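Those letters in the sequence shown? Residues 179 to 369, per our numbering, in order. Worksheet for the structure shown next.
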Amino acid sequence: MSILVDHEIKQEVAEGKLIIEPYSEALIQPNSYDVRLADKFSWHEAADQIIDPYDSETVLNGLVHVTDDDIVIKPQQFILGATLEAFCLPDDIVGQLTGKSSLARLGVMVHVTAGFIDAGFSHPPAQITLEIVNVGNRPVRLHAGMSIAQMVFTRTAVCNTPYHRKPNAKYNGQPAAAHSRYYLNNTAGAK
179 MSILVDHEIK QEVAEGKLII EPYSEALIQP NSYDVRLADK FSWHEAADQI IDPYDSETVL
239 NGLVHVTDDD IVIKPQQFIL GATLEAFCLP DDIVGQLTGK SSLARLGVMV HVTAGFIDAG
299 FSHPPAQITL EIVNVGNRPV RLHAGMSIAQ MVFTRTAVCN TPYHRKPNAK YNGQPAAAHS
359 RYYLNNTAGA K
């Protein structure tokens, strides 16, 4: 396993193995690719209703969807956003989304836990949903098109079942700021 460096990222894109749409060489860093914020956001309205991850009705109830050029995130507010870029990873490359230090210093986390992107994600190319939270003490304005995170690519062995071939790949081809689809899990003991 090895992290792709700048010229390897360029080569993977040039050969059509790694798809990034839209793609710009200006966003390539020494060991990553900068990703920008799309203009679609969603969140749950504040309510006392408990969200049960196995119950689609409670997951979907109270969702607000907004398309805008910027958004102000209040302290302790959690929203879903998305990368402007859509990705299609080959079967031997995984992605790791990591936040930008400059935004973290303002209290903005761009992914709460789900920063790992499996080999073979996604056919067709799809945006990455961002789990954004402001852990700071002041509201922060985010602008569509701004650099929001970095995608680190790591070459691995070719997996037997890449993400896009999994029958339960519930986020394959996902729309921007896709809500939780945990209720689609076929988990032992699930309701």
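Glycine residues also receive a C-beta, built at the ideal position from the N, C-alpha and C atoms. As the structure is a prediction and not an experimental result, all values here were calculated from the model.
Rounded to the nearest angstrom, what separates residue i and residue j at their Cα positions?
| i | j | result |
| --- | --- | --- |
| N363 | N346 | 8 Å |
| K278 | D212 | 9 Å |
| N350 | A304 | 7 Å |
| H222 | I187 | 36 Å |
| H342 | V288 | 24 Å |
| V183 | P208 | 6 Å |
| D439 | A204 | Absent from the structure is residue 439, since the part of the chain shown begins at 179 and ends at 369. |
| F331 | A292 | 15 Å |
Verify whether the separation of the beta carbon atoms of residue i and residue j is less than 9 Å.
| i | j | result |
| --- | --- | --- |
| V311 | I229 | no |
| T276 | R214 | no |
| H126 | S220 | For residue 126 there is no data in the structure shown, the boundaries of the chain being 179 and 369. |
| Q254 | T307 | no |
| G314 | V286 | yes |
| E190 | L258 | no |
| A355 | A216 | yes |
When the Cα of residue i is compared with those of the options, which residue comes out closest?
| i | options | result |
| --- | --- | --- |
| S210 | A216, E190, A322 and I181 | I181 |
| T339 | V318, A282 and P268 | P268 |
| I324 | I271, D233, V272 and L281 | The sequence shown places Met at residue 324, rather than the Ile named in the question. Comparing Cα positions, the closest option is L281. |
What residue ranges within the stretch 312-344 form continuous beta strand (DSSP E) runs of no fewer than 3 residues, ordered along the chain? 318-321 and 325-333
For the 8 Å Cβ check, are there 3 or more pairs between the stretch 255-270 and the stretch 191-198? yes
Three or more C-beta pairs closer than 8 Å, one from the stretch 353-361 and one from the stretch 232-247: is that the case here? yes
What alpha helix (DSSP H) runs, 4 residues minimum, are completely inside the stretch 185-258? 234-238
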